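These notes are about the structure you will find just below.
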Amino acid sequence: MKKAGIIRCLQTEDMCSGTTDFVCARDGKGAFAETGPVEVVGFVTCGGCPGKRAVPRARMMIERGAEIVVLSSCMSKGNPIQYPCPHFQAIREAVEKALAGKAVLIDWTH
Ligand code: SF4
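Under our numbering, the sequence shown has 32 at position 24, and the numbering climbs by one with no breaks.
Dropping the structure here:
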């Protein structure tokens, strides 16, 4: 079973427990259909707008064993408050560059 670290939107943290992310990770559903069930080794936020903590937190989770870094659907799709992150592309590009081949990037969860 691969290990994954999930980064989520700070703005949705107080109204979403992230339960569906954990269910999808456990069951290999949604974005995890391509990886199979994964062990979640970290579940952190971007740190707040404009998401500058996403890169150091992605690195931190890799140091703690993450082979996959996931940007949750609250960021890419705006689940569940219909507010996609306006900084998503910049965050995605910065995180992907920081991974430097040490982990795979997935940019949604469900
Ligand atoms: S930068 Fe994007 S993901 Fe992070 S808190 Fe702001 S809107 Fe949410």
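By construction, the Cβ of each residue, glycine as well, lies at the ideal position given by its N, Cα and C atoms. Only a predicted model underlies this, so the values are computations on that prediction, with no experimental measurement involved.
query	result
For a test of your reading of the model: does the CB of residue 26 fall under 8 Å from any non-hydrogen atom of ligand 1? Yes or no.	no
How big is the Cα-Cα spacing for residue 45 and residue 12?	10 Å
Nearest CA to the CA of residue 68: which residue from 100, 51 and 58?	51
Just reading off the alpha helix (DSSP H) that residue 30 is part of, what are its end residues?	27–35
Should residue 59 be listed as close to ligand 1, given that the test is whether its C-beta is under 8 Å from any heavy atom?	yes
Excluding sequence positions up to five away, which residues of its chain have a Cβ less than 8 Å from the Cβ of residue 110?	70
In terms of alpha-carbon separation, which member of 79, 112, 98 and 97 lies closest to residue 17?	79
According to the Cβ coordinates, are residue 33 and residue 15 closer than 9 Å?	no
Would you list the one or two residues that DSSP bridges to residue 47?	11
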